[in-house]
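Below you'll find the structure, written out as structure tokens, and then a few comments.
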Amino acid sequence: MFCEEREMQKSYWMEHSADLSVEAMMLDSKAFDLDREERPEVLSLLPPFEGKAILELGAGIGRFTGELAKKAGQVLAVDFIENVIKKNENVNRHHKNVKFMCADVTSPNLNFPEGSFDLIFSNWLLIAACLGILAARKRMVKWLKDGGFIFFRESCFHQSGDSKRKNNPTHYREPRYYTKDCYFWLVCTPCGLPGCLFMLGVARFKHYMPCPFLSLYSKDQKVFKECLLRDGSGKSFELSLIGCKCIGAYVRNKKNQNQVCWTWQKVRSEDDRGFQRFLDNVQYKCNGILRYERVFGQGFVSTGGIETTKEFVAKLDLKPGQKVLDVGCGIGGGDFYMAENFDVHVVGIDLSINMISFALERAIGLSCSVEFEVADCTKKTYPDNTFDVIYSRDTILHIQDKPALFKMFFKWLKPGGKVLISDYCKSAKPPSSEFAEYIKQRGYDLHSVEAYGQMLKDAGFGKVIAEDRTDQEFSLYNQFLCQFMTVLQRELDAVEKEKKAFITDFSEKDYDDIVGGWKAKLVRSSAGEQRWGLPGVGGRPFDFLCFGLWKPSCPAYNPSVDAST
């Protein structure tokens, strides 16, 4: 069965590589223009590889081989179509640091000594591989040096090129296939090798890759996530995700988020992956995200959903063609809204792999200009004056060094650019022991409104509108407290009304968790401990806060003279 699968793939690529052109390799009539924009972008996403040993799998006719050879110490280019790798050799043989090999990465006969390479690079390799992926990935990790990287880029969900095809054995998987479990796998019965998958969705199966050779088998597997192995000395290693994003060239030119790349690093398995692991395994587990989305609406995981998004975005006065950075974008609902309704280009980043995976899934069929990336906003860099707007909803409470982040925001914004931040704050007084425990359990870093505003002014923003709400009249405050409680009650009533359907789609425990959580919020709000305010009105000890900020358009502007809170 394995041989038959590979013969199908080989026959397909032999058919589409007859003329050995860029158009044939990319299967797109606009490949020439796409290549000029896409190739530099892909190369810019690689970890530093100057003087390094690189294994290029699925090297094709050499779109990337020559570029890699310009900086690398040595490159081994591998492809399983003989005339394709020969074309690559004819084009790039002048690079004396490149060797060429015709071989199939899924074959157990392809092997290299342990620790041979600093970087394993592939572009559209795994979409042409079904059986043998799990075995191949373990060999890849062994081939890597300690601290080495695996970079791969794949087409997800469906084809992106416009070339007509008689048949298409390509496996257009969803991004979570490469990083997460919770799948039903199709397994080749004779040999037991995992192949095409079913994804377990909410009360339904999503079938992406029919394969006549495989039978259904339920098992938790991961292609690259937590790939564990030991070397000869007994040390254990795994692959740690360093980055994941969709290719911007396809978003800009085709409004297509389906081209996704990943960067993994070989690390000691006992190394702590810290906050990202906490987010994905504790606070924002896949099931938890789906539960919240069920309550708040498609694309949203926070109170108010589309309603609060519309209200806050209206304050930004967005114009067509502007570029927006969403820090802590979640599963993308706000980004889709901005892109579709204001014709802006949105870059959404989030440290949670789970959030970005769902965001990419939610983008299917929307045809909007939104890029998504797994990234740590405290480590991410952008050129100065890149964005017209920076938007962040209930995210910066996770960041410990807020002053440093706000200074980066100031640099990334164009002169005259705007920032809108909503976040949780606390009273300047010490919180109660219950609140302190809640904050600790969540890992939040909360400050008073005054301290928050001062950090923003210190970062250089010319006008800080920080609506504290604590000093408002109680009657006005109480009016908005009742609004918040009304929203909570309405959401709770909706879940309780659909109890049977909710339990069917999730579980009784999930239902109890949501209902219990909402009732606890209502109790805290009624007792005066938890508050949620909207822009222009106030809250008290634990409050939802919205800041509106503008970067001065005049370079000589002195924020210490003019800034106000």
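The sequence shown begins at 1 in UniProt numbering and counts up by one.
Note that CB positions come from ideal geometry on N, CA and C, so glycine has one too.
Model, not experiment: these values are computed from the prediction.
Straight-line Cα distance separating residue j from residue i
{"i": "Leu-20", "j": "Ala-375", "result": "36 Å"}
{"i": "Leu-34", "j": "Val-91", "result": "20 Å"}
{"i": "Pro-47", "j": "Glu-37", "result": "19 Å"}
{"i": "Glu-361", "j": "Phe-152", "result": "19 Å"}
{"i": "Trp-264", "j": "Phe-506", "result": "32 Å"}
{"i": "Tyr-172", "j": "Cys-156", "result": "5 Å"}
{"i": "Val-267", "j": "Asp-512", "result": "39 Å"}
{"i": "Leu-125", "j": "Gln-441", "result": "42 Å"}
{"i": "Leu-200", "j": "Tyr-178", "result": "In this predicted model, Leu-200 has a pLDDT of only 31, less than 50, meaning its place in the structure is not dependable; the value taken from the coordinates is given anyway. Using only the alpha carbons, I get a separation of about 15 Å."}
{"i": "Ile-514", "j": "Glu-371", "result": "31 Å"}
{"i": "Leu-27", "j": "Leu-55", "result": "24 Å"}
{"i": "Leu-316", "j": "Lys-30", "result": "35 Å"}
{"i": "Gly-248", "j": "Glu-373", "result": "10 Å"}
{"i": "Leu-325", "j": "Ser-427", "result": "29 Å"}
{"i": "Val-84", "j": "Met-25", "result": "10 Å"}
{"i": "Glu-23", "j": "Gly-299", "result": "35 Å"}
{"i": "Val-75", "j": "Lys-86", "result": "15 Å"}
{"i": "Glu-496", "j": "Leu-366", "result": "31 Å"}
{"i": "Lys-411", "j": "Phe-49", "result": "28 Å"}
{"i": "Glu-154", "j": "Met-140", "result": "17 Å"}
{"i": "Leu-43", "j": "Ser-107", "result": "27 Å"}
{"i": "Glu-491", "j": "Ile-439", "result": "24 Å"}
{"i": "Phe-435", "j": "Val-523", "result": "13 Å"}
{"i": "Glu-498", "j": "Thr-504", "result": "10 Å"}
{"i": "Phe-312", "j": "Arg-39", "result": "37 Å"}
{"i": "Ile-465", "j": "Ala-314", "result": "16 Å"}
{"i": "Ser-236", "j": "Arg-176", "result": "24 Å"}
{"i": "Ser-526", "j": "Pro-431", "result": "17 Å"}
{"i": "Leu-241", "j": "Ile-289", "result": "20 Å"}
{"i": "Val-449", "j": "Gly-297", "result": "30 Å"}
{"i": "Phe-32", "j": "Lys-463", "result": "46 Å"}
{"i": "Phe-112", "j": "Glu-89", "result": "21 Å"}
{"i": "Lys-206", "j": "Ser-433", "result": "With a pLDDT of 32 at Lys-206, under the threshold of 50, the predicted position of this residue should be treated as unreliable, and no value is reported."}
{"i": "Ile-150", "j": "Lys-500", "result": "45 Å"}
Top-ranked residue by Cα proximity to residue i, from the options
{"i": "Glu-41", "options": "Phe-502, Met-140, Asn-123 and Val-91", "result": "Asn-123"}
{"i": "Lys-285", "options": "Val-324, Leu-318 and Gly-330", "result": "Gly-330"}
{"i": "Trp-143", "options": "Glu-114, Phe-121, Arg-153 and Asp-118", "result": "Glu-114"}
{"i": "Leu-239", "options": "Leu-27, Lys-499 and Lys-138", "result": "Lys-138"}
{"i": "Ala-363", "options": "Tyr-438, Thr-381 and Ala-339", "result": "Ala-339"}
{"i": "Val-487", "options": "Ile-306, Asp-510, Lys-315 and Ser-236", "result": "Ile-306"}
{"i": "Phe-100", "options": "Gly-60, Lys-70 and Leu-119", "result": "Gly-60"}
{"i": "Ser-160", "options": "Arg-490, Val-251 and Lys-70", "result": "Val-251"}
{"i": "Met-485", "options": "Glu-50, Ala-520, Lys-463 and Leu-413", "result": "Ala-520"}
{"i": "Cys-246", "options": "Gly-297, Glu-174 and Met-140", "result": "Glu-174"}
{"i": "Ile-396", "options": "Met-455, Glu-82 and Lys-70", "result": "Met-455"}
{"i": "Arg-93", "options": "Gly-62, Ser-433 and Leu-351", "result": "Gly-62"}
{"i": "Gly-517", "options": "Ala-501, Gln-489 and Lys-500", "result": "Gln-489"}
Pair within 8 Å by beta-carbon distance, residue i and residue j
{"i": "Cys-377", "j": "Val-327", "result": "yes"}
{"i": "Gly-334", "j": "Ala-359", "result": "no"}
{"i": "Gly-73", "j": "Asn-97", "result": "yes"}
{"i": "Phe-64", "j": "Phe-121", "result": "yes"}
{"i": "Leu-45", "j": "Gly-243", "result": "yes"}
{"i": "Asn-253", "j": "His-158", "result": "no"}
{"i": "Cys-425", "j": "Tyr-382", "result": "no"}
{"i": "Ser-302", "j": "Asp-394", "result": "yes"}
{"i": "Lys-255", "j": "Cys-102", "result": "no"}
{"i": "Asn-287", "j": "Asp-493", "result": "no"}
{"i": "Tyr-337", "j": "Thr-308", "result": "no"}
{"i": "Gly-66", "j": "Phe-117", "result": "no"}
{"i": "Lys-379", "j": "Ile-349", "result": "no"}
{"i": "Ala-136", "j": "Val-105", "result": "yes"}
{"i": "Lys-52", "j": "Leu-110", "result": "no"}
{"i": "Lys-414", "j": "Asn-385", "result": "yes"}
Count Cβ pairs between the segment 290-297 and the segment 346-356 that sit closer than 8 Å; are there 3 or more? no
With three or more C-beta pairs closer than 8 Å as the rule, is the segment 444-462 touching the segment 401-408? Result yes; three or more Cβ-Cβ pairs closer than 8 Å.
Validate contact between the segment 389-398 and the segment 417-425 using beta carbons, cut 8 Å, 3 pairs: yes
Would you call the segment 312-322 and the segment 336-345 in contact, with 3 or more CB pairs under 8 Å? yes
Counting Cβ pairs closer than 8 Å, one from the segment 405-415 and one from the segment 456-463, do we hit at least three? yes
List in chain order: all unbroken beta strand (DSSP E) runs of 3+ residues lying wholly within the segment 259-338. 259-268 and 323-327
Could you name each continuous alpha helix (DSSP H) segment of 4 residues or more that falls completely within the segment 71-131, going from the start of the chain to the end? Fully enclosed alpha helix (DSSP H) runs of 4 or longer: 82-92.
Could you tell me which whole beta strand (DSSP E) segments of length 3 or greater appear in the segment 330-388? 345-350 and 370-374
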